[in-house]
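Novice: For what it's worth, my numbering labels the leading residue of the sequence shown as 1204, then goes sequentially. Can you read through this structure? Questions will come right after.
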Amino acid sequence: MLLRCRDLPLEWPRPRRRDPSAPPSAPIDMGYVRSAECCPSVTEAIQPLGGVSITGRILELYREPNATQRFYQTSCREQVKGRPCRYVRSKYEAQSRCVQTYSYMYALVREFQSDGPWRLDYIRYRSGCSCQVHRPRGYPLSLLASRP
(Lines of atoms letter the chains of each structure in order from A and count residues from 1; the text may use other names and numbers.)
(Lines give C-alpha, C1' and ligand atoms only; values in the text may rest on other atoms or scores of the structure.)
Protein backbone atom coordinates (compact mmCIF):
# COMPACT_ATOMS: atom_id res chain seq x y z
CA MET A 1 0.00 0.00 0.00
CA LEU A 2 1.44 3.36 -1.01
CA LEU A 3 0.82 6.41 1.18
CA ARG A 4 0.34 9.77 -0.44
CA CYS A 5 0.62 13.15 1.24
CA ARG A 6 -3.12 13.65 1.21
CA ASP A 7 -3.53 10.37 3.15
CA LEU A 8 -1.42 11.63 6.06
CA PRO A 9 -3.10 13.38 8.99
CA LEU A 10 -2.80 17.14 9.06
CA GLU A 11 -1.43 17.10 12.59
CA TRP A 12 0.44 14.30 14.31
CA PRO A 13 -0.45 13.54 17.91
CA ARG A 14 1.95 15.36 20.21
CA PRO A 15 3.47 13.76 23.28
CA ARG A 16 1.91 14.85 26.54
CA ARG A 17 4.00 17.39 28.38
CA ARG A 18 4.59 17.11 32.07
CA ASP A 19 2.78 19.67 34.17
CA PRO A 20 5.52 21.83 35.78
CA SER A 21 3.39 22.35 38.89
CA ALA A 22 3.06 18.60 39.46
CA PRO A 23 5.34 17.00 42.09
CA PRO A 24 8.34 15.08 40.71
CA SER A 25 7.66 11.41 40.15
CA ALA A 26 9.34 8.87 42.38
CA PRO A 27 12.03 6.64 40.85
CA ILE A 28 10.76 3.26 39.79
CA ASP A 29 12.29 0.27 41.56
CA MET A 30 13.05 -2.28 38.86
CA GLY A 31 14.15 -4.92 41.35
CA TYR A 32 17.81 -5.08 40.33
CA VAL A 33 21.05 -3.54 41.52
CA ARG A 34 21.74 -0.32 39.64
CA SER A 35 25.52 -0.61 39.71
CA ALA A 36 28.12 -2.93 41.10
CA GLU A 37 31.87 -2.82 40.77
CA CYS A 38 33.74 -5.64 39.09
CA CYS A 39 36.59 -4.82 41.48
CA PRO A 40 35.05 -3.45 44.71
CA SER A 41 36.85 -0.53 46.30
CA VAL A 42 36.67 1.63 49.40
CA THR A 43 37.15 5.42 49.54
CA GLU A 44 38.53 7.02 52.68
CA ALA A 45 39.92 10.35 53.85
CA ILE A 46 43.58 10.21 54.87
CA GLN A 47 46.04 12.65 56.46
CA PRO A 48 49.42 11.22 55.46
CA LEU A 49 52.73 12.32 56.98
CA GLY A 50 54.61 11.69 53.75
CA GLY A 51 54.25 10.69 50.14
CA VAL A 52 56.10 9.54 47.03
CA SER A 53 56.85 11.98 44.20
CA ILE A 54 56.59 11.25 40.46
CA THR A 55 60.34 10.59 40.41
CA GLY A 56 60.10 8.18 43.37
CA ARG A 57 61.54 10.47 46.07
CA ILE A 58 60.06 10.30 49.57
CA LEU A 59 58.57 13.64 50.59
CA GLU A 60 57.34 15.05 53.90
CA LEU A 61 53.91 16.70 53.81
CA TYR A 62 53.34 20.03 55.52
CA ARG A 63 51.59 19.61 58.85
CA GLU A 64 50.92 21.74 61.91
CA PRO A 65 48.54 21.19 64.83
CA ASN A 66 45.89 23.41 63.23
CA ALA A 67 46.69 22.69 59.57
CA THR A 68 46.84 19.23 58.05
CA GLN A 69 46.46 18.14 54.45
CA ARG A 70 43.61 15.73 53.86
CA PHE A 71 43.14 13.63 50.74
CA TYR A 72 40.60 11.10 49.56
CA GLN A 73 41.95 7.84 48.25
CA THR A 74 40.18 4.86 46.71
CA SER A 75 41.74 1.47 47.43
CA CYS A 76 40.97 -2.07 46.30
CA ARG A 77 39.23 -4.05 48.99
CA GLU A 78 41.65 -6.55 50.52
CA GLN A 79 39.56 -9.57 49.50
CA VAL A 80 39.69 -8.65 45.77
CA LYS A 81 43.19 -7.21 45.27
CA GLY A 82 45.10 -9.49 42.89
CA ARG A 83 42.09 -11.79 42.44
CA PRO A 84 40.02 -12.41 39.27
CA CYS A 85 37.47 -9.71 38.43
CA ARG A 86 33.75 -10.23 38.98
CA TYR A 87 31.35 -10.26 36.00
CA VAL A 88 34.06 -11.45 33.58
CA ARG A 89 33.08 -14.45 31.47
CA SER A 90 34.50 -17.64 32.96
CA LYS A 91 36.42 -18.19 29.72
CA TYR A 92 38.52 -15.07 30.49
CA GLU A 93 38.35 -15.07 34.28
CA ALA A 94 41.80 -16.64 34.71
CA GLN A 95 43.37 -13.78 32.72
CA SER A 96 41.68 -10.99 34.74
CA ARG A 97 43.00 -9.38 37.92
CA CYS A 98 41.88 -6.53 40.17
CA VAL A 99 44.78 -4.09 40.46
CA GLN A 100 45.34 -0.90 42.41
CA THR A 101 45.57 2.22 40.22
CA TYR A 102 47.40 5.41 41.17
CA SER A 103 47.29 9.09 40.21
CA TYR A 104 49.17 12.19 41.26
CA MET A 105 47.96 15.36 42.99
CA TYR A 106 49.53 18.53 44.29
CA ALA A 107 50.52 18.77 47.94
CA LEU A 108 52.63 21.12 50.02
CA VAL A 109 55.85 19.15 50.62
CA ARG A 110 59.60 19.25 51.23
CA GLU A 111 62.36 16.67 51.04
CA PHE A 112 62.04 14.00 53.73
CA GLN A 113 64.00 14.76 56.95
CA SER A 114 65.29 18.12 55.73
CA ASP A 115 64.86 21.74 56.74
CA GLY A 116 64.46 22.83 53.12
CA PRO A 117 61.70 25.14 51.92
CA TRP A 118 58.12 23.97 51.49
CA ARG A 119 56.93 23.73 47.88
CA LEU A 120 54.08 22.36 45.79
CA ASP A 121 54.85 19.01 44.20
CA TYR A 122 52.97 15.97 43.00
CA ILE A 123 52.49 13.00 45.31
CA ARG A 124 51.13 9.61 44.40
CA TYR A 125 47.80 8.46 45.81
CA ARG A 126 45.48 5.49 45.32
CA SER A 127 42.81 6.50 42.82
CA GLY A 128 40.86 3.31 42.19
CA CYS A 129 40.69 -0.42 41.66
CA SER A 130 40.71 -1.54 38.05
CA CYS A 131 40.13 -4.81 36.23
CA GLN A 132 43.01 -5.74 33.95
CA VAL A 133 42.59 -8.54 31.44
CA HIS A 134 45.80 -10.07 30.10
CA ARG A 135 46.20 -12.20 27.02
CA PRO A 136 46.81 -15.89 27.70
CA ARG A 137 50.41 -17.10 27.62
CA GLY A 138 51.42 -18.26 24.19
CA TYR A 139 48.62 -16.31 22.50
CA PRO A 140 50.19 -14.75 19.38
CA LEU A 141 50.17 -10.95 19.24
CA SER A 142 49.44 -11.14 15.51
CA LEU A 143 45.94 -12.45 16.30
CA LEU A 144 45.31 -9.50 18.62
CA ALA A 145 46.53 -6.97 16.04
CA SER A 146 44.29 -8.34 13.28
CA ARG A 147 41.10 -7.72 15.25
CA PRO A 148 39.23 -4.44 14.67
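Ideal Cβ placement from N, Cα and C applies to all residues, glycine included.
Spatial neighbours of leucine 1323 within its chain, please: CB distance less than 8 Å, with the 5 preceding and 5 following residues excluded, ordered by chain position.
Specialist: Position 120 of the sequence shown holds residue 1323. Contacts found: Tyr1309, Ala1310, Leu1311, Val1312.
Novice: Which value, in whole angstroms, describes the spacing of the CA atoms of glutamate 1328 and valine 1336?
Specialist: Numbered from its first residue, the sequence shown carries residue 1328 at position 125. Numbered from its first residue, the sequence shown carries residue 1336 at position 133. Strictly speaking, residue 1328 in this sequence is tyrosine, with glutamate absent from that position. Their backbone Cα atoms lie some 23 Å apart in a straight line.
Novice: If I follow the unbroken alpha helix (DSSP H) through tyrosine 1295, where does it start and stop?
Specialist: By 1-based counting over the sequence shown, the position of residue 1295 is 92. Residues 1293-1296.
Novice: If I'm right that cysteine 1332 touches valine 1291 with Cβ under 8 Å, what's the distance once you round it to whole angstroms?
Specialist: If you number the sequence shown from 1, residue 1332 lands on position 129. If you number the sequence shown from 1, residue 1291 lands on position 88. With a Cβ gap of about 14 Å, cysteine 1332 and valine 1291 do not count as contacting.
Novice: Given this structure, state the Cα-to-Cα distance separating threonine 1304 from proline 1268, to the nearest angstrom.
Specialist: For this step, residue 1304 is matched to residue 101 along the sequence shown. For this step, residue 1268 is matched to residue 65 along the sequence shown. Going by the C-alpha atoms only, they are around 31 Å apart.
Novice: Rounded to whole angstroms, how far is the Cβ of threonine 1277 from the Cβ of threonine 1246, which I believe are closer than 8 Å?
Specialist: Looking up residue 1277 in the sequence shown gives position 74. Looking up residue 1246 in the sequence shown gives position 43. Yes, threonine 1277 and threonine 1246 are in contact; Cβ-Cβ is about 5 Å, under 8 Å.
Novice: For the beta strand (DSSP E) that contains serine 1330, what are its first and last residues?
Specialist: Indexing the sequence shown from 1 puts residue 1330 at position 127. First-last of the beta strand (DSSP E) with serine 1330: 1322-1336.
Novice: In the DSSP output, which residue or residues are listed as bridge partners for serine 1256?
Specialist: Taking the sequence shown and counting its residues from 1, the one referred to as residue 1256 is at position 53. DSSP lists no partner for serine 1256.
Novice: Where does leucine 1252 land, buried or exposed, given buried means 16+ other C-beta within 10 angstroms?
Specialist: Position 49 of the sequence shown, counted from the start, is the residue given in the question as residue 1252. It is exposed - the Cβ of leucine 1252 has fewer than 16 other Cβ atoms within 10 Å.
Novice: Check the DSSP bridge columns for cysteine 1279 and list the partner residues they point to.
Specialist: Taking the sequence shown and counting its residues from 1, the one referred to as residue 1279 is at position 76. Note: cysteine 1279 sits in a beta bridge opposite Ser1244.
Novice: In angstroms, rounded to a whole number, what distance separates the CA positions of arginine 1289 and valine 1302?
Specialist: Within the sequence shown, numbered from 1, the residue matching residue 1289 stands at position 86. Within the sequence shown, numbered from 1, the residue matching residue 1302 stands at position 99. In a straight line, the C-alpha of arginine 1289 is about 13 Å away from that of valine 1302.
Novice: Expressed to the nearest angstrom, what Euclidean distance is found between the alpha-carbon atoms of glutamine 1272 and lysine 1294?
Specialist: Residue mapping note: residue 1272 aligns to position 69 of the sequence shown, counting from 1. Residue mapping note: residue 1294 aligns to position 91 of the sequence shown, counting from 1. Spanning the two alpha carbons is a distance of roughly 45 Å.
Novice: Going by C-alpha distance, which of Ile1261, Gln1250, Arg1266 is nearest glutamate 1314?
Specialist: Taking the first residue of the sequence shown as position 1, residue 1314 is located at position 111. For glutamate 1314, the nearest C-alpha among the options comes from Ile1261.
Novice: Measure the C-alpha to C-alpha separation of proline 1243 and cysteine 1334 and round it to an integer number of angstroms.
Specialist: Counting from 1 along the sequence shown, the entry for residue 1243 is found at position 40. Counting from 1 along the sequence shown, the entry for residue 1334 is found at position 131. Taking the straight line joining both Cα atoms gives about 10 Å.
Novice: Just reading off the beta strand (DSSP E) that tyrosine 1307 is part of, what are its end residues?
Specialist: Here the question's residue 1307 lines up with position 104 in the sequence shown. Looking at the DSSP string, the run of the beta strand (DSSP E) that includes tyrosine 1307 is 1299-1314.
Novice: Would you identify the three-state DSSP class for alanine 1286, choosing helix, strand or coil?
Specialist: Numbered from its first residue, the sequence shown carries residue 1286 at position 83. Reading off the sequence shown, one finds arginine at residue 1286, where the question assumed alanine. It is coil, neither helix nor strand.
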